[in-house]
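Okay, so here's the structure we're looking at.
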Amino acid sequence: MDLSLIYIFFLVLSISSVESCILQNEMQIHIINRLPPNSPQLKLHCASKGNDLGERLPAIDEDINWSVCEGFFFNEVYFCKFWWGTKEKGLQVYNDPFYCVEDSDDYNHVDNCKWEVRKDGFYLQQTNHTDGSYYMYHYLDWS
Ligand SMILES: *[C@@H]1O[C@H](CO)[C@@H](O)[C@H](O)[C@H]1NC(C)=O
Ligand SMILES: *[C@@H]1O[C@H](CO)[C@@H](O)[C@H](O)[C@H]1NC(C)=O
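Residues 1 to 143 (this note's numbering) are what the sequence shown spells out, left to right.
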């Protein structure tokens, strides 16, 4: 096959991956503020290479959510920085289209990436294989 045809094929693919999402609206990221009431205001800032969600100040129990647009290479990554009082933490909240994060608790397919920010850290919702229920997995501490 002519090499330039292969080149054009990949060029078209990469252009379409910029403009269309293969998994659009399939995976939603949720970040829920579950910090104690009357504690400092949580601030967060999430972004991927092509999408900056800006600084957000969620109230207690407020759900910050957005859809992930995955292109052809399934290489979308969302990083969030969190501030709470004197604490701060940065983490990837999305780097895998099936498990949200590659190093999640279990080999779990999830419908969406549901995170909770609590006073002892960051929790990710997981599915229990045994009975299909959900549980919150303590993924990371603040420190
Ligand atoms: C997702 O965010 C919107 C505001 O952007 C909010 O109105 C909605 O309640 C959130 N979804 C959930 C499930 O809380
Ligand atoms: C999963 O569900 C089973 C049965 O209800 C339970 O015994 C087990 O502790 C659960 N595992 C987790 C990680 O929640």
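Even glycine gets a Cβ: it sits at the ideal position worked out from N, Cα and C.
Quantities reported herein were computed from a predicted structural model and do not represent experimental measurements.
(request) Could you spell out the range, first to last residue, of the beta strand (DSSP E) harbouring Val77? (result) Along the sequence shown, read from residue 1 onward, the residue named residue 77 stands at position 77. Neither: Val77 is in no beta strand (DSSP E) and is coded neither H nor E.
(message) At the level of alpha carbons, what is the spacing between Glu88 and Ser4?
(response) Start at 1 with the first residue of the sequence shown, and residue 88 comes out as number 88. Start at 1 with the first residue of the sequence shown, and residue 4 comes out as number 4. Computed Cα separation, rounded: 49 angstroms.
(message) Rounding to the nearest angstrom, what Cα-Cα distance links Val117 and Ala47 in this structure?
(response) Numbered from 1 along the sequence shown, position 117 holds the residue referred to as residue 117. Numbered from 1 along the sequence shown, position 47 holds the residue referred to as residue 47. About 17 angstroms.
(message) Going by DSSP in three states, Asn67 sits in which element: helix, strand or coil?
(response) Position 67 of the sequence shown, counted from the start, is the residue given in the question as residue 67. In the sequence under discussion, the amino acid at residue 67 is Ser, which differs from the Asn named in the question. Strand at Ser67.
(message) Can you give me the C-alpha to C-alpha distance between Gly85 and Asp141, rounded to a whole angstrom?
(response) Reading the sequence shown from its first residue, position 85 is the one you call residue 85. Reading the sequence shown from its first residue, position 141 is the one you call residue 141. Near 15 angstroms, if we compare the C-alpha coordinates of Asp141 and Gly85.
(message) Is Thr86 close to ligand 2? I mean its beta-carbon at under 7 angstroms from any heavy atom of the ligand.
(response) For the purposes of this step, residue 86 is taken as residue 86 along the sequence shown, with counting starting at 1. Answer for Thr86: no, Cβ out of range of ligand 2.
(request) Evaluate Trp122 with the Cβ neighbour count: other Cβ atoms within 10 Å of its Cβ, from every protein chain shown; 16 or more gives buried, anything less gives exposed. (result) Stepping through the sequence shown from its first residue, residue 122 is reached at position 122. Here residue 122 is Phe; the residue named in the question, Trp, does not match the sequence. Classification for Phe122: buried.
(message) Suppose you measure from the CA of Leu35 to the CA of Tyr99; what does that come to, to the nearest Å?
(response) For the purposes of this step, residue 35 is taken as the residue at position 35 of the sequence shown. For the purposes of this step, residue 99 is taken as the residue at position 99 of the sequence shown. Approximately 24 angstroms, taken between the alpha carbons.
(message) Alpha carbons only, please: which of Trp66, Lys49 and Gly50 is nearest the one belonging to Arg56?
(response) In the sequence shown, residue 56 corresponds to position 56, counting from 1. Ranking Trp66, Lys49 and Gly50 by Cα distance to Arg56 puts Trp66 first.
(message) Do Met27 and Val68 count as a contact pair if the criterion is CB distance below 8 angstroms?
(response) Counted from its first residue, the sequence shown places residue 68 at position 68. Counted from its first residue, the sequence shown places residue 27 at position 27. Yes. Within cutoff.
(request) Can you list the residues near ligand 4, meaning Cβ strictly closer than 5 angstroms to any non-hydrogen atom, in the order they appear in the chain? (result) As presented, the structure is devoid of ligand 4, carrying ligand 1 and ligand 2 as its sole ligands.
(request) May I have the straight-line CA-CA distance separating Lys49 from Phe74, to the nearest angstrom? (result) Within the sequence shown, numbered from 1, the residue matching residue 49 stands at position 49. Within the sequence shown, numbered from 1, the residue matching residue 74 stands at position 74. Roughly 13 angstroms between the two C-alpha positions.
(request) Use the C-beta contact count for Asn33: other C-beta atoms within 10 angstroms, 16 or more gives buried, fewer gives exposed. (result) Your numbering for residue 33 matches position 33 in the sequence shown. With 16 or more other Cβ atoms within 10 Å, it is buried.
(request) State the start and end residues of the unbroken beta strand (DSSP E) segment that holds Gly54. (result) Against the sequence shown, residue 54 aligns to sequence position 54. Run containing Gly54: Asp52 to Arg56, per the beta strand (DSSP E) assignment.
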